[in-house]
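The next block holds one structure in the form of structure tokens; read it before the comments.
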DNA sequence: ACAGCGACTTAACAGCGTTAAGGAGTGGCT
DNA sequence: AGCCACTCCTTAACGCTGTTAAGTCGCTGT
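Residue numbers (the working numbering), protein chains in the order written: chain A, 1 to 197; chain B, 1001 to 1197.
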């Protein structure tokens, strides 16, 4: 996809049009403006994400929250600036309503009230979005690090703040593990506060 | 502040320069490029936030996490697009290292290991940032709602998905309460998973 | 008196999202 | 057959953006 080559900043209407063998103003026949195009792009990303992994109705609520948020993160990481595209756009249509309905039903069957289920889903969703946004600020695509981001130099500058310096590796490295840990915290909190499991 | 009048999108170099009674290229004497200027602006926002509320060394770890994240949210809500400015920028200097050091020390004294304390702080931070980003997507400034966002219409469209429709009010209304609830979930998870108080 | 430097100006550039006006092709109606 | 209507696209242009180049003014130190 073009987004992965040029990033959100380079994703201009003229570049998109060139990709489609068309001139830029032709896009306005199909979309009201650029934001509408980005909304559609985010929706399509979401569609591919849910199509990739059908959900198991036999999941426990823990499994479902883990799967949904791991899947979301993986999908976002699949595109450069994926998280920014997502959080800057609103889905068109009802694609996401279907998955949400299923998740709410499953969490409800597990003993959560509807407000609790909604809060659990929304809170994990916002955490994941925030996490990947920061992650992609440092690693636009998995493996390639953004320039000017040197962990050793950061530690040297922070010599006067030893704990904060040491904490750097807990924040700017090993994103996979740290994402899991944060998600586990949230799930533990849901279990404890809502008395499920 | 100019940001509150025009939003991030309208925050052009020419507008900033006009505010300072100067022409746009003069800004390049003080900043390498626009991003450097935004970095400085985010740092200044952070400075004002921490200056506003000095932290109490006698806090429990729960109080500290609550205060820090409530304060962050309040600060972000104080500026239109505050969350986007924050998550798109990196702090200059060591302003934020000092507060981080204090928070890590307090959480350590409460019984958390350094990696646990770092994870607890970072996870709540990312949640708050994600939360306010979405919140400001719907309510740019407290009280004023973005156009085209009608909760009743959303419910009508989602008639086929009753749970998801009903969950709308758990997601798009009463942000204060829902922020608190999500934060409480995280704190409960930290207590449960890390075995503190 | 004059050089040097900091802080600014004017002028210009390529590129952006977007609008206006019009043209080529297709299908159906009379 | 002729013509209208419609879809989808083009070319041209607009005002705006971040940014660079080159030149100008006034202060400071020698």
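We treat Cβ as the ideally placed atom computed from N, Cα and C, and that holds for glycine.
query                                                                                                                                       : result
Assigned secondary structure, residue 141 (chain A) (DSSP; H/G/I helix, E/B strand, else coil)                                              : strand
Delimiting residues of the alpha helix (DSSP H) encompassing residue 75 (chain A)                                                           : 61-77
Option in A:42, A:15 and A:74 with minimal Cα separation from residue 141 (chain A)                                                         : A:74
Whether residue 1184 (chain B) touches residue 193 (chain A) by CB criterion (9 Å)                                                          : yes
Burial state of residue 84 (chain A) (16 or more Cβ within 10 Å)                                                                            : buried
For residue 45 (chain A), the three-state DSSP class (helix, strand or coil)                                                                : helix
Coarse secondary structure for residue 32 (chain A), derived from DSSP in three states                                                      : coil
Coarse secondary structure for residue 1007 (chain B), derived from DSSP in three states                                                    : coil
Nearest to residue 1072 (chain B) (by Cα), restricted to the options B:1115, B:1021, B:1026 and B:1131                                      : B:1131
6 Å Cβ shell around residue 1139 (chain B) - same chain, five flanking residues per side excluded                                           : 1145
Residue 207 (chain A): contacting residues in chain B (beta-carbon distance under 9 Å)                                                      : Since the first and last residues shown for chain A are 1 and 197, residue 207 (chain A) lies out of range.
Backbone CA spacing between residue 92 (chain A) and residue 43 (chain A) [nearest angstrom]                                                : 6 Å
Straight-line Cα distance separating residue 1177 (chain B) from residue 1100 (chain B)                                                     : 26 Å
Cα-Cα separation, residue 1021 (chain B) to residue 1009 (chain B)                                                                          : 21 Å
Beta-carbon contacts of residue 17 (chain A) that lie in its chain and below 7 Å, excluding the five residues immediately before and after  : 23, 24, 26 and 27
Whether residue 186 (chain A) touches residue 1189 (chain B) by CB criterion (9 Å)                                                          : yes
Within 8 Å of chain A by C-beta, residues of the stretch 1173-1192 of chain B in sequence order                                             : 1178, 1181, 1182, 1184, 1185, 1186, 1187, 1188, 1189, 1190, 1191 and 1192
Contact residues within the stretch 155-173 of chain A, judged by C-beta distance below 9 Å to chain B                                      : 157, 158, 160, 161, 162, 163, 164, 165, 166, 167, 168, 169, 170 and 171
Endpoints, alpha helix (DSSP H) assigned at residue 1154 (chain B)                                                                          : 1151-1157
Neighbourhood of residue 14 (chain A) by C-beta distance below 6 Å, restricted to the same chain and skipping five residues each side       : 24
Beta-carbon contacts of residue 121 (chain A) that lie in its chain and below 8 Å, excluding the five residues immediately before and after : 65, 68, 100, 103, 104 and 107
Neighbour flag for residue 15 (chain A) against chain B, beta carbons, 9 Å                                                                  : no
Simplified DSSP state of residue 181 (chain A), which is helix, strand or coil                                                              : helix
Neighbouring residues, chain B, relative to residue 97 (chain A) (Cβ below 9 Å)                                                             : 1157, 1158, 1160, 1161, 1164 and 1165
Minimum Cβ-Cβ distance from residue 1018 (chain B) to chain A less than 9 Å                                                                 : no
Terminal residues of the alpha helix (DSSP H) in which residue 1 (chain A) lies                                                             : It is not in any alpha helix (DSSP H) - residue 1 (chain A) carries neither H nor E in the DSSP assignment.
Short Cβ contact (9 Å threshold) for residue 1158 (chain B) with residue 1165 (chain B)                                                     : yes
Test: residue 1127 (chain B) CB closer than 9 Å to a CB of chain A                                                                          : yes
C-beta neighbour in chain B for residue 140 (chain A), strict 9 Å                                                                           : no
Residue of A:1, A:109, A:115 and A:59 minimising C-alpha distance to residue 79 (chain A)                                                   : A:1
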